[in-house]
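This report refers to the structure that appears directly beneath it.
2 protein chains.
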Amino acid sequence: MSDVDIFKVLADPTRRAVLERLASAEMTATELREGFAISQPAMSQHLAVLRGAGLISERREGRYVNYRVDATGMAPLHEWLARYRAFWPGRIDGLKDLLKEMDQ
Amino acid sequence: MSDVDIFKVLADPTRRAVLERLASAEMTATELREGFAISQPAMSQHLAVLRGAGLISERREGRYVNYRVDATGMAPLHEWLARYRAFWPGRIDGLKDLLKEMDQ
DNA sequence: GCATCACATAAGCACAGACTTATGAGTCGT
DNA sequence: ACGACTCATAAGTCTGTGCTTATGTGATGC
Chain F
62 MSDVDIFKVL ADPTRRAVLE RLASAEMTAT ELREGFAISQ PAMSQHLAVL RGAGLISERR
122 EGRYVNYRVD ATGMAPLHEW LARYRAFWPG RIDGLKDLLK EMDQ
Chain V
62 MSDVDIFKVL ADPTRRAVLE RLASAEMTAT ELREGFAISQ PAMSQHLAVL RGAGLISERR
122 EGRYVNYRVD ATGMAPLHEW LARYRAFWPG RIDGLKDLLK EMDQ
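So the sequence lines, in the order shown, correspond to chains F and V. Quick note: the first sequence uses our numbering, first residue 62, plus one each step. Quick note: the second sequence uses our numbering, first residue 62, plus one each step.
So this is what it looks like as structure tokens:
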């Protein structure tokens, strides 16, 4: 469970697109599939991977399953990034302000 | 150049290990190779990928090439992460303080 | 000049992983 | 109870990519 490689999980563009869609609203697998040229099993497999990485959580509702973003799994990624903060050139520092805004 | 998928670049554990080693000190390709059970061309290829993603920069010194971390390429990753800040559960908020410490 | 070194590039192989179709397991409406 | 549905799992195929060996390019030292 915890030995999942978050980087490999996010390396797939489709999975990142799924996260982006879920960022706007909670959704079922079928709703998610709209807009993707992908089969139902493929989507199901991606959702399983995302769930295994703690990036989404599911809420069963009858025969539907509603998925939503669960950023718990992003913590390792954030910790990893923090390690390289010291190497950021000055011109990127504007991001810090951006982050502080988003903290509100 | 800019259409490199930073997630795919970082999906490889060897490349992340290379970055981690370079985080401690600037190093040549040969020095880097110590500790890795990997051929010289394989390391060279990894370094090319890292450089293409703007994650490292090189400084030629005679027949040696010194590599060092260049976190410029990590900006897209940071921006991507920021988008999901809103979904972080409360118990991860401690990381914010950590980040603020590291900002000094 | 020539051998040796540090590193890059070429070409081919082999495995991981994302896709497919087929099927299984639950849930709902009639 | 049965058919239609939502989603998950199984099994097989195929492409991408990380590895290898072989070779190329340029720098250094004798």
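Here a beta-carbon is modelled for each residue, glycine too, at the ideal position from N, C-alpha and C. Model, not experiment: these values are computed from the prediction.
- Our two residues, V:A98 and F:I117, have alpha carbons roughly 36 Å apart in a direct line.
- Residue burial annotation: F:Y125 is exposed, with fewer than 16 other C-beta atoms found within 10 angstroms of its C-beta.
- At a beta-carbon threshold of 8 Å, none of the residues of chain V lie near F:D64; the nearest stands roughly 12 Å away.
- Chain-ordered, the chain F residues with CB closer than 7 Å to the CB of V:L138 read L142.
- Identification of chain V residues near F:A114 by a Cβ-Cβ cut-off of 7 Å yields none; the smallest Cβ-Cβ distance measures about 13 Å.
- For F:A78, same chain residues with a beta-carbon under 8 Å away, outside a window of 5 residues either side, are F97 in chain order.
- Here the alpha carbon of F:Y128 sits roughly 14 Å from the alpha carbon of F:A114.
- Only buried fits V:G134, as 16 or more other CB atoms lie within 10 angstroms of its CB.
- Counted as a single uninterrupted DSSP element, the beta strand (DSSP E) harbouring F:E122 occupies residues I117 to E122.
- The stretch 66-78 of chain F makes contact with the stretch 102-114 of chain F: 3 or more CB pairs, one atom from each, lie closer than 8 Å.
- Secondary structure of F:R129 (DSSP, three-state): strand.
- In the DSSP assignment, V:M88 is bridged to V:Y128.
- Bounds of any alpha helix (DSSP H) do not take in V:W149, whose DSSP letter is neither H nor E.
- Beta-carbon to beta-carbon, F:R144 and V:A84 are separated by about 7 Å, close enough to satisfy the 8 Å threshold.
- At a cut-off of 9 Å between beta-carbon atoms, V:Y145 makes contact with chain F.
- Under the Cβ criterion of 9 Å, F:R124 is not counted among the residues facing chain V.
- In the DSSP assignment, V:A114 falls outside any alpha helix (DSSP H), carrying neither H nor E.
- Not flagged as an interface residue toward chain V: F:A103, since no C-beta distance is shorter than 9 Å.
- Nearest CB-CB separation between V:T91 and chain F: not below the 9 Å threshold.
- Around the beta carbon of V:A132, 16 or more other beta carbons sit within 10 angstroms, so the residue counts as buried.
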